[in-house]
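Only one structure is covered here, and it is reproduced in the block below.
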Amino acid sequence: MTDHVRIGVLGAAMITPPAVVRPARSSTVAEVVAIAARSAARAQAFADKHGIARVHGSYEDLLADPAVDAVYNPLPNGLHGKWTLAALEAGKHVLCEKPFTANAAEAAAVADAARGSGLVVMEAFHYRYHPLAMRVAEIIQSGVLGPLRHVEASVCFPLPMLSNIRYDYSLAGGAMMDAGCYSVHMARLLGDEEPEVRSARALLRGPSIDRAMRASLRFPSGHTGSVHASLWSSAVLKLSMKAIGENGTLRVLNPLGPQAFHRLSLKLKNHSTSETFGKRPTYAYQLDAFTDAVLHGKPFPTTADDAVKNMTVIDSIYRAAGLPLRQPTV
């Protein structure tokens, strides 16, 4: 066992610098050592810009590199499952961008492989590792709100570039896949149970692609929920969570990127409080959790099994909206 985690990156995605490159620079136990991309020139340019030592000519070559302990997988949604499985077969730990796979069936196959491998496979819900989200989980688990009545989660931001891969069905795109996987995950965190989908309504970019989605949920204990996701709609920017219980209400503004700005407010029958947290990025906390899991076996919340549960809700929302499930990219 090494005393640090050497990370190889699949693809030269825009998310890679904030997600792993910059956090690794301030980490004593993580280092980004290699990159591979479809274009060798693009991979080399990315490596030169970000100080990555080695460039591989293919994803397969990177996975075969004995100096790589773990793989960061920020490929398009439809390729997440394929290359996470390939990384596991090569004996690499995986930090896989959300959504975990194209659909729940593929997620279950990856989770089975992860379980059998003994390797760490983490879905990159970076928000979940920030002290803000940790505090939300603590409040929900404490029962201070009393029996829950209703939870809400909204992740809406503008993506007017309609040629973007997030609108491409062949790459498992759609608002519910991109923004919505967060809102579903947040609703599950607040609801503290696995919900069933009661109804869903999509705004469409094309016959199979949602540019926005709303869905209604019901949890086994009886409380209801709603999720809202948008890449292009009248809801230009909305990043929030809310949980309503018999004894009070929890509200969170910007759980997604609290390092920029945020607010947590808890209003109970007898008193109200508000809390704020530091400006350390969510991605830095996520990398800490990933390396702790790899090096020390420390448990973490966004496991492959949790990803199956999240994708199951997403699939159910697409079904309820009358849209086809996303499929792995061939």
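Going by our numbering, the letters in the sequence shown line up with residues 1 to 330, in that order. Using N, Cα and C, we set each Cβ at its ideal position, and we do this for glycine too.
First and last residue of the uninterrupted alpha helix (DSSP H) at residue i
i, result
"G78", "N77 to E89"
"M176", "A175 to D178"
"A137", "P131 to S142"
"I317", "A304 to A320"
"A293", "T282 to H296"
"R42", "A40 to H50"
DSSP bridge partner residues for residue i (one or two, in chain order)
i, result
"S230", "C156 and A212"
"V94", "V71 and V121"
"S199", "S216"
"A243", "V151 and L250"
"T224", "H150 and R218"
"S272", "K267"
"E31", "R6"
"K238", "C156"
Check whether residue i and residue j have beta carbons under 8 Å apart
i, j, result
"L256", "R135", "no"
"E193", "S221", "yes"
"V29", "H50", "no"
"S208", "L323", "yes"
"A114", "A304", "yes"
"I333", "P99", "The requested residue 333 does not occur in the structure, where the chain is confined to residues 1 to 330."
"L171", "T329", "yes"
"A215", "S199", "yes"
"M213", "A202", "yes"
"L145", "L250", "yes"
"K238", "C156", "yes"
"L231", "R218", "no"
"R339", "G174", "In the structure displayed, the chain extends from 1 to 330; residue 339 sits before or after that span and is not available."
"V252", "M241", "yes"
"L63", "A43", "no"
"G191", "G143", "no"
"A102", "M176", "no"
"T312", "A104", "yes"
"G297", "K267", "no"
"I317", "A243", "no"
"Y167", "Q286", "no"
"E246", "P147", "yes"
"E106", "G81", "yes"
DSSP-derived helix/strand/coil call for residue i
i, result
"S26", "coil"
"H56", "strand"
"S183", "helix"
"V151", "strand"
"L204", "strand"
"I165", "helix"
"A36", "strand"
"E106", "helix"
"L189", "helix"
"L62", "helix"
"G116", "helix"
"A111", "helix"
"A172", "coil"
"V21", "helix"
"T16", "helix"
"R128", "helix"
Enclosing beta strand (DSSP E) for residue i [first to last residue]
i, result
"K267", "R263 to L268"
"V9", "V5 to L10"
Residue i Cβ short of 7 Å to the ligand ADP heavy atom set
i, result
"P23", "You won't find the ligand ADP in this model; it holds no ligand whatsoever."
**Asked** Is there contact between the region 3-18 and the region 65-78, where contact requires at least three CB pairs shorter than 8 Å?
**Response** Yes, since at least three Cβ pairs between the region 3-18 and the region 65-78 fall closer than 8 Å, the two stretches touch.
**Request:** For the region 307-315 and the region 99-112, state whether three or more C-beta atom pairs, one from each stretch, are separated by less than 8 Å.
**Result:** Yes, the region 307-315 touches the region 99-112.
**Prompt:** Between the region 277-294 and the region 143-162, do at least 3 Cβ pairs fall closer than 8 Å?
**Reply:** Contact between the region 277-294 and the region 143-162 is absent, because fewer than three Cβ pairs lie under 8 Å.
**Cβ contact check for the region 86-100 and the region 114-128: 3 or more pairs under 8 Å** = Here the region 86-100 lies against the region 114-128, with 3 or more beta-carbon pairs under 8 Å apart.
**the region 59-70 in contact with the region 21-41 per 3-pair CB rule at 8 Å** = Because the criterion of three Cβ pairs below 8 Å is met, the region 59-70 and the region 21-41 touch.
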